[in-house]
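To start, the structure itself, in structure tokens.
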Amino acid sequence: MSIGWMPEVKDAVLTWYSETGLQHISVETDAWYQWLERASRFSYSCTEGTFTARKETNKQNSIYWRAYRKRGGKLYRAYLGKSETLTLERLRAVACRLAGEQEEKQQSSSALAALPPAVLTRLLGREAEIAAGKRLLADVRVRLLTITGPGGVGKTRVALELAAQMQSAFSGGVFWVELAPVRDATFVLEAIVQALSLQEDRRLPPLERLKRYLYPRQMLLVLDNFEQVISAAPLLVELLTYCPRLTFLVTSREVLHVRGEHELLLSPLALPEPDRVIEPERAMRYGAIALFMERAQTILPDFQITAETMPYVVEICCRLDGLPLAIELAAARLRLFSLQDLHERLTQRLSLLTNGPRDLPERQQTLRATLQWSYDLLTPEEQRFFRLLASFVGGCSFAALEAIYEQVEAGQLADLLTSLLNKHLLMRREQEQTGGRFVMLETVREFGMEQLLAAQEFEQVMDAQAPYYVRLVEEAVGASTEAQDAWFDRLEGERENLHVLLQWLVERGKQEYYTEMALRLAGAVARFWCLRWYSWYNRKERYWVERALLQRHMVSPEIRARALQAAAWLAFAQDDGVQAECFYQESLSCYQIAGNQEGVAAAYHWLGYLAWTIRQDGERAYSLLSKCARLAENGSDLLALAHQALGIVALEQGNLPEALLHLTQSVTLFQGQRKNLARALRGLGRVYYALGQVTEARHCFEESLKLSRETKDHLYLAFVFDLLGQFELIQGTPGCAQTYFEEALTIFRLLGTQRHISRTLLHLADVAQRQGAYEQAHARYRESLDLLFTLSDSEGIALCLQGWGLLAAQQKQFRRAAQLWGAAAAFRTQKASYSFSLPLESLPFPCTDAEGREARVRRAMGQEVFEMAWREGHSLSPQQLLCMVPSAAGSQQKHVLSKREIEVLRLVAQGQTDAQIAEALVISPRTVHAHMRSIYTKLGISSRFAAIRYALDAELL
């Protein structure tokens, strides 16, 4: 042998001569494909035939292999494909074709190979799409149907199902053309020719051969993975124009944009709401859950979804956006991890979701490879734009992109957006409040962020975002009260973007520019957070605002004053009145240095309000509010607010004439401002009620209710419902009162304001007691007490125990009544460690027969026995008190807590927050939240304190 001897493939083994001697490699091994990258030619022989293969280059400089064989004095050729497609099966098929065996045998063999592959798994959650696809393919007017959707959504699987179900509808047959190996659009027609194994007219170009063959046949051709040869789409239209009975079913991540195309868009599989509690049997109605269940059972045959595991399965599928590929890869990981561990590890989806089935194409064996395939098909400019979009959490508006991507003209920007929308790397969602927004699936955004960080562009993108968002928020909070709702609706979609930007600016605060931008953003956005109630139950915003204030770079006193005011609002919303007062005091000093009289007046207003609500210091409150009124401009909102606050202070101190004067003035100044007017009318109604003018009071309350509904001022709407409930209860109509209280409770629960929930539950318990619904009253008192203990609301606890004692007395449980009254007295003397910044307002209830009922209990028990029971109650600890009135949760328990849930519960009992628990157990706060949700579901409870009480009763601690 000489070194010039041609390498030969025979019996699935490659033999060639190198400088080190004779070499042998098995076909389809890694070494085979590595050799192909270096080689330029080889010969092939098998029982079916022989050929010589040569590496060639087309006009687009794409490299591929072509096979040649002389037969009957003529040279025949056939397209082999790219190196990575040269399998043993492919080599044999081409050898068979070039050997020129009888046409019938070859057509039979090739036709069988071109039939749609058989499927080995059930298709779940796609009933509607299959029905729609069959309806379209049965319509003679539909000749080109494109199945589109993001990578991993299951386009190929749906096409297989349609191909199988439509066999009988096409007399010429249904044939499958796999285009994934074809990267050059000029070879698409050749791939169709090979799939159909055409022998006729070999000297003609592929287009002419296909026209002649397909013209008389009623045939469905399924072209899978068309996105990388999208430029060949006009050729499909030409075939359809010439061949009247031909239909194409195409799968592509991008629409073809040609005449006659119909699109069947595949969205991710249906998912339940993440926070919704559903039964396992009902969960199977959701495609994502059903798919996870079936694939999990292929790994673990005994796997079942139970009430305990349901929250984890739901959150896993939600984190994976309902993408079938991602769900299947996640279910496969159950070989390694428990369901709970899998749930915790999904914070890094792309790293975890690998090692798919070997029979799948390489691009579908990992989630990252699937996304990389789509990303690689983008132009460099599209890739850069894709990376930019990934920086937005929860999407962005066109206006934001115009401002941030300012070097690109609006027309070109629209083209880039359209391209990514067509390729299903981006979605447009129309939202009633925020308008159209461009969003990514979270799995896609995670991949995009990887690319953004790898390109070292993250800092540049955030630098571009900062000026836009700071100006946007400052303009929003500077708008008039009536216009502010529309501005805040616009900010709704930007909440996560604003939080991420604030965090980034604070962390970059070593430079003066970033400190100033952080304080400007904090000073503006906190008003939005507070007025839309996000800060009431989410403390992360407050943390970053306070961190921004720690930066010591020199900024203008006015900017710092506004940031301090923002920090005060957030502390105020979370009932940290003492800290709010400190921030307002420092804000006052900054405004005085800046010479900003309006800012000084605003600081006086809030300091006066806090002096009354937190410290009950009427004299100081009146003094500060009066200063505010003197400094405020005539006719300004601030002046109206000052009169409103002065009226409330006067009302609480019993000075009704002055209260009426101030609140009437406030109502006058707020004319035309529905939201503020509604709040002032509520206070005026309380004054009228205290003056005995019941008709006027009802009118004020009902007008306030109407305006609050119109302006969707949800928290204050709930306050009005609560006031009307008290009004009706006093008037002796408990049925109407119950309706109002339940309306208030619904809103408070939606807003998550626990302190208001606890007091409204107490009102509902009082209503149930008056109606003789003792079991319902007992349940309401118990739920209220759970929350009141959690909030350390000693005043509320005393009121709850007092009412519960009256309930016990009505049921002739005299000893318990005395104990509860004794406990109530103990809490009444305690100094509250928790003050409401925005308490529920109350109407003065007329004297009841509570004292008479206590006297009757004393007589029934005897003075000595009563006092003994009273003292017992007075000395009870909270745990002993709650054990005395056991929860119904224990009897309702249907499922045992998991080991991890018990660990979480023990840390909750120690008073740790979700963040602290997450740190202790090395899990995410979101996972802690999921554990708590599961605990609540199993125990039939709704608060942390109730969970602790269960743990005490069950001796878990």
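As numbered in full-length UniProt numbering, residues 1 to 957 make up the sequence shown, in order. Where is the CB? At the ideal position from N, CA and C, for every residue including glycine. Please read these numbers as outputs of a predicted model, since none were measured by experiment.
Check                                                                                                                      : Outcome
Endpoints, alpha helix (DSSP H) assigned at E261                                                                           : Run containing E261: none in the alpha helix (DSSP H); it sits in the beta strand (DSSP E), E261 to L265.
Neighbourhood of E56 by C-beta distance below 7 Å, restricted to the same chain and skipping five residues each side       : Y64 and R66
Identity of the residues DSSP links to E178 by a beta bridge                                                               : D224
Cutoff 6 Å; reference T251; Cβ partners in own chain excluding five residues on either side                                : I147, K155, T156, A159 and D224
Any chain D beta carbon closer than 8 Å to R141                                                                            : This model lacks chain D altogether, as it is built from one protein chain only.
Residue from L124, G685, Q616 and E496 with nearest C-alpha to Q644                                                        : G685
Reduced DSSP category for Q731 - H, G, I as helix; E, B as strand; rest coil                                               : coil
Where T443 sits in the DSSP three-state scheme                                                                             : helix
Three-state class that DSSP yields for A113 in the structure shown                                                         : Note that A113 has pLDDT 39, beneath the 50 cutoff, so the model's placement of it is unreliable and no number is given.
C-beta atoms of V174 and P116 nearer than 8 Å                                                                              : yes
Any 3 or more C-beta pairs closer than 8 Å across the region 202-214 and the region 87-99                                  : no
According to DSSP, residues forming a beta bridge with T913                                                                : DSSP lists no partner for T913.
Residue range of the alpha helix (DSSP H) that includes V9                                                                 : From DSSP, V9 is part of no alpha helix (DSSP H) but of the beta strand (DSSP E) over E8 to K10.
Cα-Cα separation between A878 and F789, rounded to whole angstroms                                                         : For the sequence presented, residue 878 should be read as Pro rather than Ala. Cα-Cα distance, rounded: 8 Å.
With 16 other Cβ atoms within 10 Å as the buried cut-off, status of Y537                                                   : Residue placement at Y537 is flagged as unreliable, the pLDDT there being 48, under the threshold of 50; a coordinate-derived value is accordingly withheld.
Close beta carbons around Q597, own chain, < 6 Å, minus the five adjacent residues each side                               : L631
Per-residue burial, G735 [other beta carbons within 10 Å of its own, 16 or more giving buried]                             : exposed
Beta-carbon contacts of D914 that lie in its chain and below 8 Å, excluding the five residues immediately before and after : P925, V928, H929 and M932
Cβ-based neighbour list, A823, same chain, cut-off 8 Å, excluding 5 preceding and 5 following                              : L801, G873, H874, L876 and L881
Beta-bridge pairing of V250 - partner residues as DSSP gives them                                                          : T146 and L223
Residue range of the unbroken alpha helix (DSSP H) whose run includes residue 959                                          : Since the displayed the chain opens at 1 and closes at 957, residue 959 lies outside it and no answer follows.
Environment of M310 [buried if 16+ CB atoms lie within 10 Å]                                                               : buried
Cβ-Cβ separation, L610 to G577 (assumed contact under 8 Å), whole Å                                                        : 6 Å
Those runs of the alpha helix (DSSP H) which lie wholly inside the region 512-592 and span at least 4 residues             : 512-531, 540-549 and 557-573
Beta-ladder partner(s) of M932, from DSSP                                                                                  : According to DSSP, M932 bridges with nothing at all.
Segment contact flag, the region 247-263 with the region 215-222, C-beta cutoff 8 Å, min 3 pairs                           : yes
Contact set for L269: own chain, Cβ-Cβ below 7 Å, skip 5 residues either direction                                         : G125, G287, A288, L291, G322 and P324
CA-to-CA distance, I559 to C590, given in whole angstroms                                                                  : 9 Å
Terminal residues of the alpha helix (DSSP H) in which I327 lies                                                           : P324 to A332
Classification of N61 by the beta-carbon crowding that lies within 10 angstroms, buried from 16 upward                     : exposed
Whole alpha helix (DSSP H) elements within the region 433-512, 4-residue minimum                                           : 442-454, 458-477, 481-492 and 495-507
Residues near L441 in its chain [Cβ-Cβ closer than 6 Å; skip 5 each side]                                                  : D321
Cβ contact (3+ pairs, closer than 8 Å) linking the region 404-417 and the region 333-340                                   : no
D617 versus M861: straight-line alpha-carbon distance, rounded                                                             : 42 Å
Spatial distance of V408 from H424 (CA atoms)                                                                              : 22 Å
Integer-rounded CB distance, given that P181 should sit under 8 Å from T85                                                 : 4 Å
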